[in-house]
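Protein chains: 2
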Amino acid sequence: MPEPAADRRTVEVRVELKPGIVDAEAETVQKALGLLGVPSVRHVSTAHIYDLEFERVSAEEARRLAQEAVDRLLANPVIHRVTIVVPPA
Amino acid sequence: MPEPAADRRTVEVRVELKPGIVDAEAETVQKALGLLGVPSVRHVSTAHIYDLEFERVSAEEARRLAQEAVDRLLANPVIHRVTIVVPPA
């Protein structure tokens, strides 16, 4: 059976802070939850998602383009850890 | 076989804008990618992830607590769509 033509492909780019970098937003959320009466949250971490939709590109090409977007715009390699998830064709 | 004691459980809360609400950050990213030479991105959307770690709670209780955190702090029901993912026990 031939592979169906993948017309559109949405790549998920997850950008989070590297371990050791203080996640101020997460700390604030955790503190606020304690004050609001949800104290059982032991740890909070945050991440930012960019869903990039490509048209008429292969999975490999989509990953390459997403990596280029990360390198040029979406993340700072000094502080960010990035995960790119390409859906299977 | 008894269920293993789930000591820690991390619930993922995904907060994104509802359809129809302008995602200004996504639009800026898409425009910038075009200017930077990654023009093949047809659409961008963004989301914010909060990973909430609970200790010694059941999956049901973790979901309930995460929903409470969403209702009281993490999202605005007027503009946000929220997805809560609880890992299986």
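As they're listed, the protein sequences go chains P and C. Using numbering that gives the first Met the number 0, read the first sequence as starting at 0 and increasing by one per residue. Using numbering that gives the first Met the number 0, read the second sequence as starting at 0 and increasing by one per residue. Glycine included, every Cβ here is placed at the ideal spot set by N, Cα and C. For clarity, every value in this text was computed on a predicted model and none was experimentally measured.
Check, Outcome
"Separation of C/G19 from C/E26, as counted between CA atoms", "13 Å"
"Spatial distance of P/R7 from P/P38 (CA atoms)", "43 Å"
"Three or more C-beta pairs below 8 Å linking the segment 36 to 50 of chain P and the segment 43 to 53 of chain C", "yes"
"Residues in the segment 24 to 55 of chain P having any Cβ partner in chain C nearer than 7 Å", "V28, A31, L32, L35, V37, S39, V40, R41, H42, V43, S44, T45, A46, H47, I48, Y49, D50, L51, E52, F53 and E54"
"Whole-angstrom distance between C/A58 and C/H42, CA atom to CA atom", "35 Å"
"P/L98 burial status per 10 Å Cβ neighbour count (16 or more: buried)", "The question about residue 98 of chain P has no answer here: the residues shown for chain P are numbered 0 through 88."
"Residues from the segment 58 to 83 of chain P in contact with chain C, defined by Cβ distance under 8 Å", "L64, E67, A68, R71, L72 and L73"
"Cβ-based burial, P/E54 [other Cβ within 10 Å; buried from 16]", "exposed"
"Endpoints, the alpha helix (DSSP H) within which P/L34 is located", "A23 to L35"
"Coarse secondary structure for C/H79, derived from DSSP in three states", "strand"
"N- and C-terminal bounds of the alpha helix (DSSP H) containing C/R63", "A58 to A68"
"Test item: CB-CB of C/V28 and C/A61 under 8 Å", "no"
"Beta-ladder partner(s) of P/D50, from DSSP", "P/E11 and C/S44"
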